[in-house]
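The sequence shown maps to residues 208 to 313 in the working numbering. Yeah, the Cβ is synthetic: ideal placement off N, Cα and C, and Gly gets one too.
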Amino acid sequence: MPVEKYTIIVEGERFSFTRDQLDSDPGNFFATYFSGGFPEVPYGTKEMEIEKEPLLFRLIQAHLRGYDVLPLSDQFVPPYMTKEGALNNLLKEAAFYGLWNLQSKI
């Protein structure tokens, strides 16, 4: 049986997730969105678009896939941010999306 995939498009870049990956940090926004937890989102939705920083979102994807993302590698720091700024913004994103496990590690 094929694994269902969910796609989050960030500034035109496609990030793919399985249901297990989305559920790996319980109760987060993405898992709720794709499971029909918001009445305004049609049931069965498999794709969403957000306007965020793709480099930082790669860290969120890696986290949801079970990887340690800290300490932060320079390659994930957007050119217009300092490393400290990128960590601070990642913390804000983790809080905004309800990624409590990620937030507790930053």
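Helix, strand or coil, according to DSSP, for K212 in the structure here?
Indexing the sequence shown from 1 puts residue 212 at position 5. DSSP places K212 in strand when its eight states are reduced to three.
Quick check on F222: does DSSP put it in helix, strand or coil?
Your numbering for residue 222 matches position 15 in the sequence shown. Strand at F222.
What does DSSP give as the partner residue(s) for I257 in the beta ladder?
Here residue 257 is taken as the residue at index 50 of the sequence shown, counted from 1. Answer by DSSP bridge pairing, in chain order: V217.
I believe I329 touches L306 by the beta-carbon criterion, under 8 Å. Please report the beta-carbon distance rounded to the nearest angstrom.
This structure cannot settle anything about residue 329, because the visible part of the chain is limited to 208 through 313.
Tell me the DSSP secondary structure of I313 in three-state form.
Position 106 of the sequence shown, counted from the first residue, corresponds to residue 313. In the structure shown, I313 sits in coil (DSSP, three-state: anything other than H, G, I, E or B).
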